[in-house]
Amino acid sequence: MKAAKLAQLLSEALEKQGYRIRNEKGNFRGGRCIFEEERLVIMNKRFGDEERAEILARALARENLDALYLLPEVRDYVERYSDSPRVVVDLTTSDTETAPK
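Here it is, written out as structure tokens:
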């Protein structure tokens, strides 16, 4: 499957999970976050389809996918990132730590 199609399907799956995808300019990689109770995935506008697919897959890998239908090829791609360490930032203290799985 081409990276553009994969990124599109991953984006649609995240939207079904309640996320809004935003494409922004800046000096950052991207990822998922919750801002003022809104679930977001922020994407760097300059990235190509392969980088976008990876960021979207990492975000989706953190969700419970049991009730979500994904094409087998898409699910396999997401599962590659299911063991990625989860970073938690405590905004009240500015401490960053790796959360337990």
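Just so we're aligned: 37 in our numbering is position 37 of the sequence shown, and the numbers increase by one with no gaps anywhere. Glycine included, every Cβ here is placed at the ideal spot set by N, Cα and C. Because the structure is a prediction, the values reported are computed rather than measured.
Taking the C-alpha atoms as reference points, what is the distance between residue i and residue j?
{"i": "Glu15", "j": "Leu68", "result": "11 angstroms"}
{"i": "Arg29", "j": "Met1", "result": "23 angstroms"}
{"i": "Leu65", "j": "Asp76", "result": "12 angstroms"}
{"i": "Glu24", "j": "Phe47", "result": "10 angstroms"}
{"i": "Ile42", "j": "Ala61", "result": "16 angstroms"}
{"i": "Val88", "j": "Cys33", "result": "Residue placement at Val88 is poorly supported in this model, since its pLDDT is 47, which falls under 50; the coordinates still yield a value, given next. The straight-line gap from Cα to Cα measures roughly 10 angstroms."}
What whole-angstrom Cβ distance do residue i and residue j have, given they're in contact under 8 angstroms?
{"i": "Ala3", "j": "Glu50", "result": "5 angstroms"}
{"i": "Leu40", "j": "Arg58", "result": "Incorrect: roughly 14 angstroms between the Cβ atoms, too far for contact."}
What does residue i pair with, by DSSP beta-bridge criteria?
{"i": "Leu105", "result": "Residue 105 lies beyond the stretch modelled for the chain, which goes from 1 to 101, so this question has no answer here."}
{"i": "Val41", "result": "Ile21 and Arg32"}
Where does the unbroken alpha helix (DSSP H) through residue i begin, and where does it stop?
{"i": "Leu56", "result": "Asp49 to Ala61"}
{"i": "Asp76", "result": "Pro72 to Glu79"}
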